[in-house]
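A.B. asks: The structure is given below, and queries will be raised subsequently.
Protein chains in written order, with the numbering used here: chain P, 7 to 120; chain S, 8 to 116.
Here you go:
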């Protein structure tokens, strides 16, 4: 069964450093998303991406964040200058777009900012 | 008011029990509704979509009442493997998913 993959599974970085989280959505899916979950809290939407542009973003997704689909398979989330409060699980999700509204999630990247 | 609100947990039940989870949502323009389950420190996994007519998948039954903005999930004959956090999820007009806080279920032998 096709699945969303994410790398790395765990990233440790120092405050102020840039990080790039990588995702490979399910092939042929058209809509891509990033969510995050701070430990002990609910899953929160960050950004959605369709047709090579951002279609919606949350208040969390400020100018320190960016997304890119550099080729036909990868979908990346970049945090330019990490803060302690960016420590969280980051989940990528994708959706087919032509049938059903279900989003399928990757296993997540645990980001720890020290 | 929270966008998606769920029963507080945890629910501790014996194997074989029937357990029900409730959820309310605040945005009447919400488009689609789902139950996801999340195991500790793992990704949310889609359990089932929820339709106005109600739908069933094996031991799981989901109901949606749009007028009351209420969603439910019933698990019959619960198994040890059902232990997880159950997330009520609503999709808004733009396509983003809005998650509830989740309700933790622990099924004991």
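Ideal Cβ placement from N, Cα and C applies to all residues, glycine included.
1) Going along the segment 43 to 72 of chain S in order, which residues come within less than 9 Å of chain P, judged by CB to CB distance?
2) Does any C-beta atom of chain P lie closer than 8 Å to the C-beta of residue 76/S?
3) Is the beta carbon of residue 93/S closer than 8 Å to that of residue 42/S?
4) Using the beta-carbon of each residue, which ones in chain P are nearer than 7 Å to residue 39/S?
5) Are residue 15/P and residue 115/P touching if we call contact CB-CB under 8 Å?
6) So that I know if they touch, is there some Cβ in chain S lying closer than 8 Å to that of residue 97/P?
7) Which whole-angstrom value describes the C-beta separation of residue 69/S and residue 57/S, a residue pair presumed to lie in contact below a C-beta threshold of 8 Å?
8) Flag this pair as yes or no: are the beta carbons of residue 94/P and residue 43/P separated by less than 8 Å?
9) Quick check on residue 27/S: buried or exposed, where buried means 16 or more other Cβ atoms within 10 Å of its Cβ?
10) Identify the contact partners of residue 118/S in chain P, using a Cβ-Cβ distance below 7 Å as the criterion.
C.D. replies: Answer, in terms of the structure:
1) Taking a C-beta cut-off of 9 Å against chain P, the contacting residues of the segment 43 to 72 of chain S are 43, 45, 48, 49, 50, 51, 52, 53, 56, listed in chain order.
2) No, no contact with chain P.
3) Cβ distance < 8 Å, so residue 42/S and residue 93/S count as in contact.
4) Listed along the chain, the chain P residues whose CB falls inside 7 Å of the CB of residue 39/S are 107.
5) Yes, Cβ-Cβ distance for residue 15/P and residue 115/P is below 8 Å.
6) Yes, contact with chain S.
7) By a beta-carbon distance limit of 8 Å, residue 69/S contacts residue 57/S. Their separation comes to about 4 Å.
8) In this structure, residue 43/P lies closer than 8 Å to residue 94/P by Cβ.
9) With fewer than 16 other Cβ atoms inside 10 Å of its own Cβ, residue 27/S counts as exposed.
10) Outside the displayed range of chain S (8 to 116) lies residue 118/S, so it cannot be described from this structure.
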